[in-house]
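Enquirer: Residue numbers for the sequence shown follow the numbering used here, so the first one is 86 and each next one is one higher.
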Amino acid sequence: MRASPFLKFIAVLSWAVPAAATIWPIMPNTEVQPLGNNWGNYQNYGSSAANGYFHNGIDIITPGRQGATVVAVAHGWVKGWGTIQQDLHWRLAISDSPMSWTGRSPGWLYAHIDKDRPHSSVGDEVFPGDTIGYLVPWSPPGFAHIHFARISDTGAYWDRFPNYTWWFIENPILQLEPSGDLYPPVFDNARPGQLLAFCRDNRDNQYLSPDSLVGAVDIIARIYDKSGYTTGNDTWDKLAPFCIEHMIRRDDGLVVRPWTLSFEFSNRLEASNVSVVYKWDNTCRSRGDYSRREYFYIITNTTGDSMIRRSDTTGNWNTAAVGDGNYWVVVRAEDHVGNTSVDSMRVTTKNGVGVADLPGLLAAPLRAPVCPTRGPGRLRFALARPAEVELVVFDAAGRVAARPARGRLAAGEHAFTLPGLPAGVYLAELRIRGETGPEANRRAKLVIAR
């Protein structure tokens, strides 16, 4: 299983203990099986495209088979059996905790169980590999599947149907063994002739030409992933990537936004946040059903962590803060086993303010030591007046290596000791915020030899 390099939000909750690796819930349960939908991909089955939603599980497809055997993936107790709609949607909710435990606990959801064939019942204790039911026949026949999810709920019985109360807490693909994905994600053009689309921040149908970007913009990328374990249908094979990152650099190589996590589909999904991730308007229209899969990601809607929140819509690229010029927007997409694709697009900002004309608070430039071999190096700069400052050091891959300073500083000279970084080339970035908003960032190359 991959070790994520990204900043993650860790919730310290009694029920949030990761599950151990599990077998697959469909026989043969020790083989990787095809997915027809995965955690977090956009869906609008049975609703208008404007009413899309996150897929809150993984759909494990059984090509050429109806009525496949469903097995328990872990030891647990059946706390729920019911349907949320009709005969196709009966499901078992199996808790990791015994019937006597009524606090919140995690468990597993197995949906689309045939109610007319033998199945487990509420109160049953089950063990890994136990047969707990059979899949209900599905239409279209090739999409027979189990909807499988990691959930949590409270109470001795999780039987509040059709209005269930459980939370969808974790991407189950991260727990299944063996785990496989053969191909990296794929980029499609977001607009004709354009890898990416650029829309005014939090607006629909207000797109900008990439050679004349102004103000705050949302950057939109169109991406899908295929696991290589096919359902037999090219459309159904198109899944969401596991994570997306982006960075922005000027033509001369100056990084104006280091690698930043846009989205990671690992944690709890809130249905109301689908529009934070997916764009849906007349130009970039996300779709997810039996006939079309088109995923348009608003990659700037982020605070840089792996949680998806409504407040992430405050994210954007403020082109006015970087000065007029040519920039490269670079996007990286990855699947859950680490296969990676990278693509980029050159754009031009035209706000009428050149880089040299940006207002500044610096009385003396950012100065970084070169090859400090005796004792710790120090980063130095001087402020003309008090300001909110953040000083960040990035390694050669664009990852944050240190953050020596963050907060309000008085006018005058400032020096900050570097932590014990490994030998290498780094970029020190000084971010300054004045009374009227962000000032231009200042950067200096830092070389450390030990």
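Each residue gets a CB set at the ideal place from its N, CA and C atoms; glycine is no exception.
Looking at C-beta atoms only, is the number of pairs between the stretch 313-329 and the stretch 113-126 that lie closer than 8 Å three or more?
Expert: yes
Enquirer: Taking one C-beta from the stretch 358-369 and one from the stretch 384-398 each time, how about it: are there three or more such pairs within less than 8 Å?
Expert: yes
Enquirer: Shortest alpha-carbon distance to Asn274 belongs to which of Gln260, Trp251, Ile305 and Phe246?
Expert: Ile305
Enquirer: With DSSP as the reference, label His174 as helix, strand or coil.
Expert: helix
Enquirer: Looking at the strands, I want to know which residues DSSP matches up with Gln410.
Expert: The sequence given here has Gly at residue 410, not Gln. In the DSSP output, where bridge partners are listed per residue, Gly410 has Thr434.
Enquirer: Which stretch, first to last residue, makes up the beta strand (DSSP E) that contains Ser360?
Expert: Per DSSP, Ser360 belongs to no beta strand (DSSP E); it is in the alpha helix (DSSP H), Val359 to Val362.
Enquirer: Can you have a look at Tyr412 and say buried or exposed, based on whether 16 or more other CB atoms are within 10 angstroms of its CB?
Expert: buried
Enquirer: What is the C-beta distance between Trp166 and Pro183, in whole angstroms, given that I count them as a contact (C-beta under 8 Å)?
Expert: Actually they do not touch by this definition, with Cβ atoms about 17 Å apart.
Enquirer: Would you call Gly373 buried or exposed, if buried means 16 or more other Cβ atoms sit within 10 Å of its Cβ?
Expert: buried
Enquirer: Within its chain, find whatever has a CB closer than 6 Å to the CB of Arg459; leave out the 5 residues flanking it on each side and keep chain order.
Expert: Interpretation of Arg459 is limited by its pLDDT of 44, a score under 50 that renders its predicted location unreliable; the figure taken from the coordinates is listed afterwards. Around Arg459: no qualifying Cβ.
Enquirer: Taking the continuous beta strand (DSSP E) assigned at Arg538, which residues delimit it?
Expert: Here the chain has residues from 86 to 535 only, and residue 538 is not among them.
Enquirer: Would you decide whether Gln260 is buried or exposed? Buried here means 16 or more other CB atoms lie within 10 Å of its CB.
Expert: Gln260 comes out buried.
Enquirer: Assign Gln128 to buried or exposed, taking buried as 16 or more other Cβ atoms, counted over all protein chains shown, within 10 Å of its Cβ.
Expert: buried
Enquirer: Ser190 lies in the beta strand (DSSP E); which residues open and close that run?
Expert: Looking at the DSSP string, the run of the beta strand (DSSP E) that includes Ser190 is Ser190 to Ala196.
Enquirer: If I'm right that Arg353 touches Ile254 with Cβ under 8 Å, what's the distance once you round it to whole angstroms?
Expert: 5 Å
Enquirer: Roughly how many angstroms lie between the CA atoms of Leu346 and Cys328, to the nearest whole one?
Expert: In this structure, the alpha-carbon of Leu346 lies about 8 Å from that of Cys328.
Enquirer: Would you tell me roughly how many angstroms separate the C-alpha atoms of Thr107 and Ser206, rounded to the nearest one?
Expert: 22 Å
Enquirer: Give the C-beta separation of Phe233 and Ser426 to the nearest angstrom, bearing in mind that I take them to be a contact with Cβ-Cβ under 8 Å.
Expert: With a Cβ gap of about 26 Å, Phe233 and Ser426 do not count as contacting.
Enquirer: Return yes when the Cβ of Leu512 is within less than 8 Å of the Cβ of Leu494, no when it is not.
Expert: no
Enquirer: Could I get the ranges of all uninterrupted beta strand (DSSP E) runs contained in the stretch 190-256, with 3 residues as the minimum, in chain order?
Expert: 190-196, 216-219, 230-238 and 252-255
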